[in-house]
């Protein structure tokens, strides 16, 4: 055993706060009951006062933590966000941010009594149900990837001191070190890990295995992976290739100030809508063959025109429009998921070329204003790219924040130019799009054949028309600034490298 490992073990064996755990749990419960916050107390007061309480009872809180850094990090988080709220008046109307801060803090340590204390202190009573519902529905999927040059002593210590084993979903081990790792694990933990262990030969294999897939159809799964390797460059390249929300390198579940879990929208735009509204009640079957002289627009998804499954249409101003049912909507949603997988993996240069082709076709068809709208945003794409990545360094970490496309964007607009602006912005970033149409909204149908001609892959742009469009949850664009666009259309990915 390395000398540094022996020193750490001796230090934790002799800590004064290594007291009776049951007694400590009772004290934490009593301390929780003593919290006297009111709903009117602002978050600055809550964060800073909670930090003071922890400091006053430091030995008590340390008795729950396997590593001294855990409780000091938690205190730093409370102080940081308390001061930030005080100086910037942050979180005044953004309860989502507070929820993410608390979820991050509570996952730094898994003891439920400590979590209850933190949550009771920070979350307002009037908002506790919302927080608990969100927390209950979030599924944390944590995986570890061990490359052949991993420092296995460091890996074992991380598993011991950060309670990571409790939240692990999978372990991926390079073939050459599998037996060594299992020997170490059995030695220090006394049993074989009771979770899936996958072996791989090369890092290239990981790009096609489950660990590279970000469950785009499971909006309640928070994907986290920890990569271990002495070659940080190789680990970084792998981290950028994996489609995960948070990637740690040579550490795990060890956050730095200002870093929180990304927000996951649990209201699936389709599943939620269809569970609330009985879609079929709004349909109005019409036989299209009875109207041979009118313009007919079907649905558009998977890159082709689609006849409604139940042959449902409705008439408006001598235009026969498809009236989508539940089955049509779900088929369209599946098309958009497939389109996103294709479009988001294309290079930015390739996407811009396709959009430039689309603008040229619009111009050839006399749609000069729309063509100009598309081209202007294509030209601005280089500015957008500069907003997709930034890196900062702290004493302990190098932290990269990468903005990834969020998946599928649902649009509806009455103004044609506004619709094309939002459509182009969504596509530049790498999202797929579903446009909802009815006679009160802009009709996209006349342009669907142009999408195909310009080379836009199937499923990237989809069209649903309905007589009643109130059941859909739409993406709302708050403004047209670059920062606003990225807030609306992307999700953040963090790569956290231990220094």
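Numbering (my numbering), first residue to last: 888 to 1386. For every residue, glycine included, the Cβ atom is placed at its ideal position computed from N, Cα and C. Bear in mind that the values here come from a model prediction, so they are computed numbers and not experimental data.
Could you tell me if residue i is buried or exposed, where buried requires 16 or more neighbouring beta carbons within 10 angstroms of its beta carbon?
i: residue 1070; result: exposed
i: residue 1089; result: exposed
i: residue 1131; result: buried
i: residue 1327; result: exposed
i: residue 1122; result: buried
i: residue 1029; result: buried
i: residue 913; result: exposed
i: residue 834; result: Residue 834 is absent from the structure shown; the chain starts at 888 and stops at 1386.
i: residue 1063; result: exposed
i: residue 1254; result: buried
i: residue 1325; result: buried
i: residue 993; result: buried
i: residue 909; result: exposed
i: residue 1127; result: exposed
i: residue 1212; result: buried
i: residue 1082; result: exposed
i: residue 1086; result: exposed
i: residue 1281; result: exposed
i: residue 1380; result: buried
i: residue 1191; result: exposed
i: residue 974; result: exposed
i: residue 1137; result: buried
In angstroms with no decimal places, state the Cα-to-Cα distance between residue i and residue j.
i: residue 1185; j: residue 1193; result: 6 Å
i: residue 1382; j: residue 1148; result: 12 Å
i: residue 915; j: residue 1109; result: 29 Å
i: residue 1206; j: residue 1233; result: 37 Å
i: residue 1044; j: residue 1020; result: 33 Å
i: residue 1352; j: residue 1216; result: 10 Å
i: residue 1291; j: residue 1378; result: 5 Å
i: residue 1375; j: residue 931; result: 27 Å
i: residue 1265; j: residue 1287; result: 26 Å
i: residue 1092; j: residue 1033; result: 13 Å
i: residue 1200; j: residue 1210; result: 5 Å
i: residue 1219; j: residue 1349; result: 7 Å
i: residue 1051; j: residue 1139; result: 7 Å
i: residue 949; j: residue 956; result: 10 Å
i: residue 942; j: residue 1037; result: 36 Å
i: residue 1170; j: residue 1355; result: Unreliable placement is indicated for residue 1170, whose pLDDT of 48 sits below 50; no coordinate value is reported for it.
i: residue 929; j: residue 1315; result: 39 Å
i: residue 1296; j: residue 1307; result: 13 Å
i: residue 1009; j: residue 934; result: 7 Å
i: residue 1179; j: residue 1152; result: 44 Å
i: residue 1247; j: residue 1236; result: 17 Å
Mind checking which residues open and close the beta strand (DSSP E) that includes residue i?
i: residue 1278; result: 1276–1280
i: residue 1057; result: 1055–1061
i: residue 1112; result: 1108–1115
i: residue 1030; result: 1026–1033
i: residue 1246; result: From DSSP, residue 1246 is part of no beta strand (DSSP E) but of the alpha helix (DSSP H) over 1235–1251.
i: residue 1295; result: 1295–1298
i: residue 1285; result: 1284–1292
i: residue 1095; result: Per DSSP, residue 1095 belongs to no beta strand (DSSP E) and is neither H nor E.
i: residue 1386; result: Where residue 1386 is concerned, there is no enclosing beta strand (DSSP E), given that its DSSP letter is neither H nor E.
i: residue 1082; result: Note, residue 1082: premise wrong, no beta strand (DSSP E); not H, not E.
i: residue 1352; result: 1348–1352
i: residue 1136; result: 1133–1136
Would you give the residue range spanned by the alpha helix (DSSP H) that residue i belongs to?
i: residue 1260; result: 1255–1266
i: residue 1122; result: 1119–1128
i: residue 933; result: 930–943
i: residue 1040; result: 1039–1048
i: residue 1071; result: 1065–1076
i: residue 971; result: 955–975
i: residue 1000; result: 999–1009
i: residue 1336; result: 1335–1341
i: residue 985; result: 982–993
Report the CB separation of residue i from residue j in whole angstroms; it is logged as a contact under 8 Å.
i: residue 1319; j: residue 1227; result: 4 Å
i: residue 944; j: residue 922; result: The pair is not a contact, with the Cβ atoms about 12 Å apart (cut-off 8 Å).
i: residue 1112; j: residue 1094; result: Contact doesn't hold; Cβ gap of about 13 Å is too wide.
i: residue 1329; j: residue 1300; result: 5 Å
i: residue 960; j: residue 1142; result: 7 Å
i: residue 1284; j: residue 1222; result: Not confirmed; about 40 Å, so no contact.
i: residue 1107; j: residue 1031; result: Between residue 1031 and residue 1107 the Cβ distance is about 22 Å, and since that is not below 8 Å, they are no contact.
i: residue 874; j: residue 1347; result: With the chain covering 888 to 1386 only, the question about residue 874 has no answer from this structure.
i: residue 1133; j: residue 1114; result: About 11 Å; that fails the 8 Å criterion.
i: residue 968; j: residue 988; result: 6 Å
i: residue 911; j: residue 965; result: At roughly 20 Å, the Cβ-Cβ gap does not stay under 8 Å, so residue 911 and residue 965 are not in contact.
i: residue 1340; j: residue 1249; result: Residue 1340 to residue 1249, Cβ: 10 Å. No contact.
i: residue 982; j: residue 1014; result: 6 Å
Report task. Please go through the stretch 1164–1223 and give each complete beta strand (DSSP E) segment of 3 or more residues, from N-terminal end onward. Result -> 1182–1184, 1186–1188, 1191–1193, 1200–1203 and 1206–1209
Requested in this report: Quick one: which unbroken beta strand (DSSP E) runs of 3-plus residues sit fully inside the stretch 1306–1331? Chain order, please.
Outcome: 1319–1324
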